[in-house]
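Trainee: There's a structure below that I have some questions on.
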Amino acid sequence: MGIEKQGQNSEVQKLRDDNLQLSRENLRLQRAVEELGILNEIAVAINSTLAVEKILDLITQRCVHHLGAEQGEVLLLEEKKTARPFQTICRVGDTSHQRLPFRLDDQLTGWMLKHRAPLLINDMGNDRRFATGDGDLFSVLSLLCAPMVCKGKMTGLLVVFNKKAEAGFSADDQRLLAIIASESAQVIDNARLADKEKTLLHMQEELRLAYEIQYNLLPDEPPRLAGYDIAGKSIPAKEVGGDYFDFLAVGENSLAFCLGDVSGKGLPAALLMANLQAAVRSQAMAGTSLTSCLERANSLLFRNTSPEKFATLFFGCLDTEGHVLHYCNAGHNHPFLIGKETEPLRLSAGGLALGCFESFPFEESQVPMKPGDLLIVFSDGISEAVNDDDQEFGEARLIELASAHPDSSAAELIEKILQDVGRHAGDRPQMDDMTLVVLKRLT
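The sequence shown begins at 91 in the working numbering and counts up by one.
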């Protein structure tokens with residue numbers, strides 16, 4: 091009987107052990123199913139059209155709920171170095187304990203930046219790396235943190251605080267949070283790529299509009315003047331600037347022309363250029379003097395643009411009957427009047443760039459245009475074009491080139507100058523608009 095009873099007890103114990111093992115296996119399978127469920131839910135969210143903030147909020151909610159934590163948050167690592175490298179972009183909290191939001195201290199985030207590995211702490215009371223705040227209500231008892239890494243680059247941290255179960259966070263909790271953090275990193279990386287693509291498309295559209303504005307403002311063809319040859323050309327840089335030139339008949343024997351360069355690049359520069367052209371044209375058509383025209387344009391720019399916006403402008407008016415060039419130079423590169431038997435003359439009279447001060451008295455001057463005289467008006471994209479040795483093309487080379495081709499037409503001379511500038515720059519990219527106006531007196 092004793093041996094028989096002993097055998098029955100052994101079988102009972104075996105059944106108990108088998109049931110315990112089965113229960114543990116059931117719990118493991120149940121946990122695995124739950125983990126697959128949460129990972130599947132997160133995968134669906136990642137592939138949805140939800141905003142990245144909502145996706146990360148959903149991920150944090152699921153982590154807090156599934157891991158039995160009180161609070162959780164996602165911290166985004168700033169792309170540019172700052173005093174505080176991490177910024178909280180979503181936070182989920184269990185308010186049943188009436189706790190204030192927990193946070194990681196600088197030492198702990200520094201540890202995560204250095205080690206880029208999951209961190210599990212179930213006894214925060216003995217860990218001085220975490221700032222808990224004041225009072226028991228703000229204390230953190232346990233912490234589980236995982237780095238969000240995508241393509242070898244850390245993008246942020248996923249962290250949960252205070253496991254409700256007395257045993258604290260487990261190795262399985264750490265493994266799951268690490269997997270979720272990795273998936274979350276992909277969300278942030280995709281969002282950043284999308285933002286960069288959106289920014290690039292916006293910049294490309296602005297660039298297209300700037301090109302279009304600049305192109306439409308330029309004259310279709312130069313005017314025909316008896317006894318004179320005139321031409322102009324502008325080649326915009328990749329990052330469109332604010333160069334423009336214009337011709338305007340203001341009387342039977344008068345031709346107004348200008349070449350300007352507004353500050354800035356892209357669409358803002360193109361719009362400012364359009365406003366400047368409109369202001370100059372309206373004043374010129376009204377028969378306003380050169381100085382009055384520039385004074386009004388200056389006032390307009392000053393009142394309607396930000397302080398860093400300004401424009402340089404050479405404004406000339408040619409009397410084709412008296413063969414006199416009246417001009418006013420508002421802070422622009424000094425054009426050169428090159429005669430057959432005289433030294434090149436700088437046309438510098440005028441004043442400051444437009445838009446610098448609310449009012450400024452501009453000065454008008456005049457020079458005679460003799461047969462064979464050549465006027466070259468240019469933007470700084472010509473004279474300041476640099477080569478691989480950072481040497482500028484320079485004004486001296488421009489004068490020398492123009493003087494060496496007295497028989498070339500105005501259009502031909504412009505092409506020769508642009509070609510020579512291109513040879514000088516070599517493989518260096520064009521950094522600024524290049525604009526030229528050439529006026530020659532033939533007879």
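Built from N, CA and C at the ideal position, the CB exists for glycine as well.
The structure presented is a predicted model; accordingly, all values stated were derived computationally and were not measured.
1. Using three-state DSSP, classify GLY225 as helix, strand or coil.
2. Count the other CB atoms within 10 Å of the CB of ALA339; is the residue buried (16 or more) or exposed (fewer)?
3. Examine the Cβ distances between the segment 248 to 261 and the segment 150 to 160 and report whether three or more of them are shorter than 8 Å.
4. Compare the Cα-Cα distances from TYR318 to each of PRO496, MET524 and ALA500 and report the closest residue.
5. Just to confirm, does VAL142 get its C-beta within under 8 Å of one of the non-hydrogen atoms of the ligand ATP?
6. Would ARG193 be called buried (16 or more neighbouring beta carbons within 10 Å of its own) or exposed?
7. So is SER449 buried or exposed if we call it buried at 16+ other beta carbons inside 10 Å?
8. Taking only three categories from DSSP, how would you classify LYS502?
9. Does ILE269 get closer than 9 Å to chain D when you measure Cβ to Cβ?
10. Provide the residue(s) that pair with LEU349 in DSSP beta bridges, ordered along the chain.
11. How would you call GLY215, buried or exposed, if buried means at least 16 neighbouring beta carbons within 10 angstroms?
12. Applying the criterion that 16 or more other CB atoms from any shown protein chain within 10 Å of the CB defines a buried residue, is ARG152 buried or exposed?
13. Taking the straight line between their C-alpha atoms, what separation do you get for LEU532 and SER372?
14. Using DSSP's beta-bridge definition, name the partner residues of ALA159.
15. Using only alpha-carbon positions, find the residue among MET363, PRO309, TYR305 and ILE325 that is nearest to GLY332.
16. Can you tell me the Cβ-Cβ gap for ILE489 and LEU526, rounded? I've got them flagged as a contact below 8 Å.
17. Does the segment 292 to 308 touch the segment 267 to 279, meaning 3 or more C-beta pairs lie closer than 8 Å?
18. Which word fits ALA374, buried or exposed, when buried means at least 16 other C-beta atoms lie within 10 angstroms of its C-beta?
19. Run the CB neighbour count on LEU366, radius 10 Å, all protein chains shown included, and call it buried at 16 or more, exposed below.
20. Would you kindly report the start and end of the unbroken beta strand (DSSP E) that includes PHE468?
21. If you check the beta carbons only, do GLU273 and LEU403 fall under 9 Å apart?
22. Could you tell me whether the segment 261 to 273 touches the segment 166 to 181, using the rule of 3 or more Cβ pairs below 8 Å?
23. Please state if the CB of GLU385 and the CB of HIS416 are separated by a distance shorter than 9 Å.
24. At which residues does the beta strand (DSSP E) containing ASN477 begin and terminate?
25. Taking only runs of the alpha helix (DSSP H) that begin and end inside the segment 247 to 323, which ones reach a length of at least 4 residues, in chain order?
26. Could you check what DSSP says for ALA65 in three-state terms: helix, strand or coil?
27. Rounding to the nearest angstrom, what Cα-Cα distance links PRO519 and ASP478 in this structure?
28. Scan the segment 394 to 462 and note each continuous beta strand (DSSP E) run of 3 residues or more that stays entirely inside, going in chain order.
29. Since MET524 and SER469 are thought to touch, with beta carbons under 8 Å apart, how far apart are those beta carbons, to the nearest angstrom?
30. Candidates LYS430, GLN481 and VAL352: which alpha carbon is nearest SER396's?
31. I'd like to know whether the C-beta atoms of LEU357 and GLU287 end up nearer to each other than 9 Å.
32. Can you tell me the Cα-Cα spacing of ILE466 and GLU505, whole angstroms?
33. Just to confirm, is the Cβ distance from LYS323 to LEU437 under 9 Å?
34. Checking 9 Å against the spacing of the C-beta atoms, do VAL414 and LEU435 come in under that value?
35. Buried or exposed, going by whether 16 or more other CB atoms sit within 10 Å of the CB of LEU283?
36. So, using beta-carbon positions, are CYS407 and GLY441 closer together than 9 Å?
Mentor: From the atom records:
1. With a pLDDT of 42 at GLY225, under the threshold of 50, the predicted position of this residue should be treated as unreliable, though the coordinate-derived value follows. DSSP places GLY225 in coil when its eight states are reduced to three.
2. Its Cβ having fewer than 16 others within 10 Å, ALA339 is exposed.
3. Taking a cut-off of 8 Å for Cβ pairs, the segment 248 to 261 and the segment 150 to 160 touch, as three or more such pairs fall below it.
4. Considering only alpha carbons, the answer is ALA500.
5. The ligand ATP is not among the ligands present in this structure, which contains no ligands whatsoever.
6. ARG193 counts as buried, since at least 16 other C-beta atoms from the protein chains shown sit within 10 angstroms of its C-beta.
7. If you draw a 10 Å sphere on the C-beta of SER449, you find fewer than 16 other C-beta atoms in it, and that means exposed.
8. The residue you asked about is not Lys; residue 502 is Glu in the sequence shown. DSSP places GLU502 in helix when its eight states are reduced to three.
9. In the structure shown, chain D does not exist; there is a single protein chain.
10. DSSP, once it has assigned bridges, lists PHE335 and PHE404 as partnering LEU349.
11. Here GLY215 is exposed. Its C-beta has fewer than 16 other C-beta atoms within 10 Å.
12. The residue in question, ARG152, is buried, as its Cβ has 16 or more Cβ neighbours within 10 Å.
13. In this structure, the alpha-carbon of LEU532 lies about 30 Å from that of SER372.
14. DSSP lists LYS253 as partners of ALA159.
15. Comparing Cα-Cα distances from GLY332 to each of MET363, PRO309, TYR305 and ILE325, the minimum goes to MET363.
16. The pair is not a contact, with the Cβ atoms about 13 Å apart (cut-off 8 Å).
17. Because the criterion of three Cβ pairs below 8 Å is not met, the segment 267 to 279 and the segment 292 to 308 do not touch.
18. Buried, since its Cβ has 16 or more Cβ neighbours within 10 Å.
19. With 16 or more other Cβ atoms within 10 Å, it is buried.
20. Segment 464 to 468, the beta strand (DSSP E) holding PHE468.
21. No, they are not a contact pair.
22. Contact between the segment 261 to 273 and the segment 166 to 181 is absent, because fewer than three Cβ pairs lie under 8 Å.
23. At least 9 Å separates the beta-carbon of HIS416 from that of GLU385.
24. Per DSSP, ASN477 belongs to no beta strand (DSSP E) and is neither H nor E.
25. Qualifying alpha helix (DSSP H) stretches, in chain order: 261 to 307.
26. What is shown of the chain runs 91 to 533, which leaves residue 65 out entirely.
27. The straight-line gap from Cα to Cα measures roughly 10 Å.
28. Restricting attention to beta strand (DSSP E) runs no shorter than 3 residues, the segment 394 to 462 encloses them at 401 to 409, 414 to 420, 426 to 428 and 455 to 458, ordered along the chain.
29. That pair is a contact at about 7 Å.
30. Selected option, being the one with the closest Cα: VAL352.
31. The Cβ-Cβ distance between LEU357 and GLU287 does not fall below 9 Å.
32. Roughly 13 Å between the two C-alpha positions.
33. With respect to the 9 Å criterion, LYS323 and LEU437 are not classified as neighbours on the basis of their beta carbons.
34. Between VAL414 and LEU435, the C-beta spacing is not below 9 Å.
35. It counts as exposed.
36. Result no, Cβ atoms of CYS407 and GLY441 do not sit closer than 9 Å.
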